[in-house]
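Note that the numbering used here has the sequence shown beginning at 684, numbered continuously upward.
From the three backbone atoms N, C-alpha and C, an ideal C-beta is built for every residue, glycine too.
So the structure is just underneath, and the comments pick up after that.
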Amino acid sequence: MASVGKDLSSETEARGSRYLVIVVLCSLIIVITSIKHVWSVFIPYVEAEFMVTRSVSVLPFSLLNAANVFGFLSTNYLKEVLGLRKLLAITAALMSLGLILSATSPNVGVLIVSFAFMYGLGHSFGYVLAVSLGVKWFQGRKAGVATGIIVSAYSLGVLTLSPITTYLIQYFRNWRVPLLIYGAVAFAVMATSVAVLREPSQQKVVITPPRLGLAEVIMSKKFTLIATALFLTTLFDGLIVGNLVPLVEEMTGVGPMTASLVMSIYSATAIVSRVVIGAVSEYSSTLRTLAAVYALATTNALFFSLYRNLPLIILGTSISAILFSANITLTPLIASHIWGTENLEAAYGPLLTAVVCGVLLGPIIGGLSKDLTGRYYPGVTVTAATLLLGTLVLAYTIKYLHTGASRSSL
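Here you go:
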């Protein structure tokens, strides 16, 4: 009996250690993908060395977003064809070589190809695979908390890597060195992931849903509804975070340093709220948790134009951060719940694309509002309306899915 108890204890410890390794590795992969948002630090150095304008120096970041869309949509297909380990190996090569070649690029053309397309595709594959593996391994075992921890690593990376990159550039007096360091770190993390990460085995006999292709997923009504809600609601946060510093300056009259502090509070809120939202989803359905956040965010958005002092702006932007955290954290959980873990990547990649499109278009709406009217308020009003519409779409989606489930049970 004593030996049996020891065996069970050892097995439990081994299982717990494996779960910890999975969370750490997946989180580190997500941190590496957050290097994308450090590009703004490199812009003045790239312009000075290659003698290019701002419209050219932002191309590595802008075109990386286009690569993201392709990568998110193709991850499931490539995993089905190549298998997880081979796709992880390709991701390792793309991310590490993309960063290293960016650091050694002789001209801006090579820099664009290396960062936007090589690192960009690796970024897409790595993000979808890391989050999906976290959901699969922790399915039925605090998947919400695990997902919240993993996706919060992105905000943590954004918050910490920018000052670290600035320090490294100043210390080495060379903008290329940080990219070399990040390339080496990416290779180490991804090589370890190739060796360690795998799909969880099905230990119980369960009825699994049929495998679906990308077209089958995106042609379904439930996908259209959920993707529409995600896109419409993300527009508001996209406008806020994409124009945060000048928006805060316009609405409160504070200086750039104070406005930058609001950005730091936004990032910190994003880190904490992703874990909290994941934990809350353990006790409530993911869609109802999302609906509750949408209700709070819609109320905030409708009154946002009235916020005239710093405390209210901090409150308003923090709620906006919670909105985006809910979309990012709950999207893979919703995909897993509706389409099953067998089709997780097939549903998660396209849904994530809907969120990314909202992130990209939101700042453009804010910029057009500022250019055409001289103020951000019209853009805030427009995206507040889309947020309200997205909230209504989600409410209809919940009713539609509930009705479908009731009919199938008869």
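Report task. Could you check if V888 is buried or exposed, using at least 16 other CB atoms within 10 Å of its CB as the buried criterion? Result -> Unreliable placement is indicated for V888, whose pLDDT of 43 sits below 50; the coordinate value is still reported in the next sentence. V888 comes out exposed.
Query raised in the report: Is the CB-CB distance between V793 and F733 below 8 Å?
Result: Not closer than 8 Å, so no.
Report task. Label R701 either buried or exposed according to how many other C-beta atoms from any shown protein chain fall within 10 Å of its C-beta, with 16 as the threshold for buried. Result -> By the 10 Å Cβ count, R701 comes out exposed.
Report task. Give the DSSP-derived three-state secondary structure of L989 in the structure shown. Result -> In the structure shown, L989 sits in coil (DSSP, three-state: anything other than H, G, I, E or B).
Requested in this report: List the endpoints of the continuous alpha helix (DSSP H) containing Y1031.
Outcome: Judged by DSSP secondary structure, Y1031 falls within the alpha helix (DSSP H) whose first and last residues are L1027 to T1056.
Report task. Run through the region 739-824 for me and flag every whole alpha helix (DSSP H) of 4 or more residues, listed as ranges in chain order. Result -> Restricted to the region 739-824, the alpha helix (DSSP H) segments that are unbroken, complete and at least 4 residues in length are 742-765, 767-786, 791-795 and 803-820, listed in chain order.
Query raised in the report: Are I954 and G817 touching if we call contact CB-CB under 8 Å?
Result: I954 places its beta carbon 8 Å or farther from that of G817.
Query raised in the report: Whose C-beta lies closer than 6 Å to the C-beta of L862 among residues of the same chain, with five residues either side of it excluded?
Result: The answer, listed in chain order, is L782, S785 and A786.
Query raised in the report: With a cut-off of 8 Å, do at least 3 Cβ pairs link the region 1029-1047 to the region 834-845?
Result: Taking a cut-off of 8 Å for Cβ pairs, the region 1029-1047 and the region 834-845 do not touch, as fewer than three such pairs fall below it.
**Report entry** Expected contact under 8 Å - CB spacing of I1028 and T758 to nearest Å
**Finding:** It should be noted that the sequence gives Glu, not Ile, for residue 1028. Between E1028 and T758, the beta carbon gap of about 5 Å places them in contact (Cβ cut-off 8 Å).
Report task. Note down, in chain order, each residue of its chain lying with its Cβ closer than 6 Å to the Cβ of S1019, except the 5 sequence neighbours on either side. Result -> So the list reads V818 and L1027, once near-sequence residues are dropped.
Query - Which listed residue (L922, S968 and S1008) has its alpha carbon closest to that of P1061 - result: The shortest Cα separation from P1061 among L922, S968 and S1008 belongs to L922.
Query raised in the report: So which of M902, P929 and I1002 has the shortest CA-CA distance to T916?
Result: Ranking M902, P929 and I1002 by Cα distance to T916 puts I1002 first.
Query raised in the report: What residues in its chain sit with their C-beta under 6 Å from that of I1017, if we drop five residues either side in the sequence?
Result: Around I1017: T969.
Query raised in the report: Along the chain, where does the alpha helix (DSSP H) that runs through R957 open and close?
Result: Run containing R957: P939 to V963, per the alpha helix (DSSP H) assignment.
Query raised in the report: Does the ligand HEM have a heavy atom nearer than 7 Å to the CB of E932?
Result: The ligand content of the structure shown is nil, which means the ligand HEM is not present either.
Query raised in the report: How far does the alpha helix (DSSP H) with G831 in it reach, from first residue to last?
Result: Per DSSP, G831 belongs to the alpha helix (DSSP H) from A826 to F855.
Query raised in the report: Does the count of Cβ pairs from the region 740-760 and the region 850-869 closer than 8 Å reach three?
Result: Contact between the region 740-760 and the region 850-869 is absent, because fewer than three Cβ pairs lie under 8 Å.
Query raised in the report: Quick one: Cα of A871 to Cα of T972, how far?
Result: So the alpha carbons of these two residues sit roughly 37 Å apart.
Report task. Throw me the rounded Cβ distance for the L1077 and A912 pair, which I believe falls under 8 Å. Result -> The distance from the Cβ of L1077 to that of A912 is about 4 Å, consistent with a contact at the 8 Å cut-off.
Report task. Just mark Y966 as buried or exposed, buried being the case when its beta carbon has 16 or more other beta carbons within 10 Å. Result -> Its Cβ having fewer than 16 others within 10 Å, Y966 is exposed.
Query raised in the report: What is the rounded straight-line gap between the Cα of R737 and the Cα of I726?
Result: R737 and I726 have their alpha carbons spaced roughly 8 Å apart.
**Report entry** Between the CA atoms of L1013 and F798 - distance to the nearest angstrom
**Finding:** Separation of F798 and L1013 (C-alpha to C-alpha, rounded to the nearest whole angstrom) is 29 Å.
Query raised in the report: Given that a residue counts as buried once 16 or more other Cβ atoms are within 10 Å of its Cβ, and exposed if not, what is V958?
Result: Burial call: buried.
Query - Among Q853, I864, G754 and L1072, nearest to F914 - alpha-carbon criterion - result: Distances from the CA of F914 to each of Q853, I864, G754 and L1072 were compared; the closest alpha carbon is that of L1072.
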